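Each residue of the sequence shown is one higher than the one before, counting from 1 in UniProt numbering.
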Amino acid sequence: MTNTNIKQNQIDTSMWRMSVAPMMDWTDKHCRYLHRLLSQHTLLYTEMVTTGALIHGDVARHLRFEAEEHPVALQLGGSEPADLAQSARLGEQWGYDEINLNCGCPSERVQRGAFGACLMNEAGLVADCVKAMVDVVQVPVTVKHRIGIDKIESYDFVRDFVGTVADAGCEVFIVHARNAWLKGLSPKENREIPPLRYELVAQLKRDFPALTIAVNGGIKTDEVALQQLEQVDGVMVGREAYHNPWWMASWDALYYQDESRQRTREAVEEQMVLYMEREAREHGTHWYSIARHMLGLRNGLAGARRWRQVWSDHRLKTLPPHEVMKLARTKPAEAVPA
Ligand SMILES: Cc1cc2nc3c(=O)[nH]c(=O)nc-3n(C[C@H](O)[C@H](O)[C@H](O)COP(=O)(O)O)c2cc1C
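Rendered as structure tokens:
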């Protein structure tokens, strides 16, 4: 019996049904707080935190999060098994529900550190990293990766990668369904130019039915998400959730059959203002660095542009957040010029 089989019963696959992707500079704790107000069940990922930052840096700054954020996964960047084990243990101690290893980031800075997408070339090393983490934590250790790197288009490559890493004890794979081109494309281009091939992810699920497989990349509508959920266990959404967060307000009912919470944009905004006040009081955080994540909340509604302009107006930084909310809700004719 392989390691994969032994731990299978402990994994609740539904945890990965819907998730918001790890996004550097975007999915910080403030962003996750907003997302949690919008969906109680969606799994939220941190930004990538490197093992170096955790081992040599300010641990609280990187790992602090609110109890309300659960379920929340810590994404690690690194390729040294011992460092990853130490970081995973820290993550578990701080209360994260999952430890995820980044094997999908193509940035040059990350490649120089020899981790991220270039790790897909070294499945044996990734297996060692996973094993080192699985040995020291109880929470699931998962991997986020691409379907290939550079011009490797064959399905066998990603199948062998998943097989090798699964044998080391990883039971959950989140697959960004495009290649990473390690030379010549910026990280942004690498999220747009290499073609999406969802069918390879579905094939992984057919070949490894005991594993939990979630698909990521370019998913922007319920229609596509629901289609994907017929083939794989989970859908991870990145940019669309960030730019259009109100989409998430319908996820509990649609994906988790939980209709217990009726939300309005106004109530969410008010709860964010309370959170801004608490963060300012307890941690000296300025509301401006929290408000930046909710600028898309009213997308598609009349007056959204003005609302967004008020919440992002740096001239209003001296006002307390409840005053800013009042201004944002005032119709232009009633507004007092700043
Ligand atoms: C601003 C930004 C930062 C990102 N940072 C990370 C990261 O830290 N770790 C990671 O695995 N992926 C990162 N990604 C990639 C996303 O997790 C996701 O795989 C990608 O955006 C494709 O999903 P989407 O089309 O739903 O956005 C980032 C994406 C964006 C837009």
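All residues carry an ideal CB built from backbone N, CA and C; glycine is no exception.
As the structure is a prediction and not an experimental result, all values here were calculated from the model.
Which of the three DSSP states, helix, strand or coil, is assigned to residue 265?
Assigned with DSSP and collapsed to three states, residue 265 falls in helix.
Anticipated Cβ contact below 8 angstroms, residue 63 with residue 102, distance rounded
The pair is not a contact, with the Cβ atoms about 16 angstroms apart (cut-off 8 angstroms).
Between the region 18-38 and the region 233-248, can you find at least three pairs of beta-carbon atoms closer than 8 angstroms?
Verdict: yes, contact present.
When every heavy atom of ligand 1 is checked, does at least one fall within less than 7 angstroms of the C-beta of residue 25?
Residue 25: yes, Cβ under 7 angstroms from ligand 1.
Tell whether a beta-carbon distance below 8 angstroms holds between residue 348 and residue 81.
It is not possible to answer for residue 348, since the shown part of the chain is limited to 1 through 338.
If you follow the beta strand (DSSP E) that residue 19 is part of, which residue opens it and which one closes it?
Segment 18-20, the beta strand (DSSP E) holding residue 19.
Flag this pair as yes or no: are the beta carbons of residue 145 and residue 115 separated by less than 8 angstroms?
It is not a contact, given that the beta carbons lie outside the stated cut-off.
What runs of the alpha helix (DSSP H), each 4 residues or longer, lie entirely inside the region 179-211?
Taking only runs of at least 4 residues, the alpha helix (DSSP H) segments lying wholly in the region 179-211 are 198-207.
Distance, residue 177 Cα to residue 317 Cα
Near 41 angstroms, if we compare the C-alpha coordinates of residue 177 and residue 317.
Can you list, in chain order, the residues of its chain with a C-beta nearer than 7 angstroms to that of residue 203? Leave out the 5 residues immediately preceding and following it.
In its chain, beyond the 5 residues on either side, 155 have a beta carbon closer than 7 angstroms to the beta carbon of residue 203.
Segment contact flag, the region 252-261 with the region 44-63, C-beta cutoff 8 angstroms, min 3 pairs
Put simply, the region 252-261 does not touch the region 44-63. Fewer than three CB pairs are less than 8 angstroms apart.
State buried or exposed for residue 17, treating a residue as buried only when at least 16 other CB atoms are found within 10 Å of its CB.
Buried: at least 16 other Cβ atoms inside 10 Å.
Any chance the region 126-142 sits against the region 159-166, with 3 or more Cβ pairs inside 8 angstroms?
The region 126-142 makes contact with the region 159-166: 3 or more CB pairs, one atom from each, lie closer than 8 angstroms.
Helix, strand or coil at residue 174 [DSSP, three-state]:
Residue 174 falls in the strand class under three-state DSSP.
Where residue 106 and residue 149 are concerned, what is the direct C-alpha to C-alpha distance, given to the nearest angstrom?
Spanning the two alpha carbons is a distance of roughly 9 angstroms.
Determine contact between the region 265-274 and the region 319-328, defined as no fewer than three beta-carbon pairs at a distance below 8 angstroms.
Three or more beta-carbon pairs drawn from the region 265-274 and the region 319-328 are found closer than 8 angstroms, and the two stretches are therefore classed as touching.
Using CA atoms only, rank isn't needed, just tell me which of 287, 294, 285, 283 is closest to residue 266.
For the residues 287, 294, 285, 283, the minimum Cα distance to residue 266 belongs to 294.
Which value, in whole angstroms, describes the spacing of the CA atoms of residue 217 and residue 276?
When rounded, the distance between both Cα atoms is 31 angstroms.
Quick one: Cα of residue 68 to Cα of residue 104, how far?
For residue 68 and residue 104, the distance between alpha carbons rounds to 28 angstroms.
Does the distance from the CB of residue 282 to the CB of residue 290 come in under 8 angstroms?
Here residue 282 is not near residue 290, since their CB atoms are 8 angstroms or more apart.
Taking 6 angstroms as the limit between beta carbons, can you name the residues of its chain near residue 32, skipping five residues before and five after?
In the same chain as residue 32, and ignoring 5 residues on each side of it, the C-beta atoms closer than 6 angstroms to its own belong to 44, 69, in chain order.
Considering only DSSP beta bridges, list what residue 143 is partnered with.
Here residue 143 is bridged, per DSSP, to 101, 173.
Roughly how many angstroms lie between the CA atoms of residue 233 and residue 213, to the nearest whole one?
In a straight line, the C-alpha of residue 233 is about 5 angstroms away from that of residue 213.
Under the three-state reduction of DSSP, which class applies to residue 236: helix, strand or coil?
When DSSP states are grouped into helix, strand and coil, residue 236 belongs to the strand group.
Looking at C-alpha atoms only, which residue of 305, 304, 108 is the closest neighbour of residue 182?
Cα-wise, what sits closest to residue 182 is 108.
Could you tell me if residue 151 is buried or exposed, where buried requires 16 or more neighbouring beta carbons within 10 angstroms of its beta carbon?
Residue environment for residue 151: exposed (fewer than 16 other C-beta atoms within 10 angstroms of its C-beta).
Under a Cβ-count criterion, where at least 16 other Cβ atoms within 10 Å of its own Cβ denotes burial, should residue 188 be classed as buried or exposed?
So residue 188 ends up on the exposed side.
Cβ distance (whole Å) where residue 201 is taken to contact residue 219 below 8 angstroms:
That belief does not hold up - the Cβ atoms of residue 201 and residue 219 are roughly 11 angstroms apart, past 8 angstroms.
Whole angstroms are fine: how far does the CA of residue 222 sit from the CA of residue 14?
C-alpha separation (whole angstroms): 17 angstroms.
Does residue 226 pass the burial test, meaning 16 or more other C-beta atoms within 10 Å, or should it be called exposed?
Counting the other CB atoms within 10 Å of its CB gives residue 226 a total below 16, which places it among the exposed residues.
For ligand 1, I want to know if residue 283 counts as a neighbour, meaning its beta carbon is within less than 7 angstroms of at least one of the ligand's heavy atoms.
Residue 283: no, Cβ never under 7 angstroms from ligand 1.
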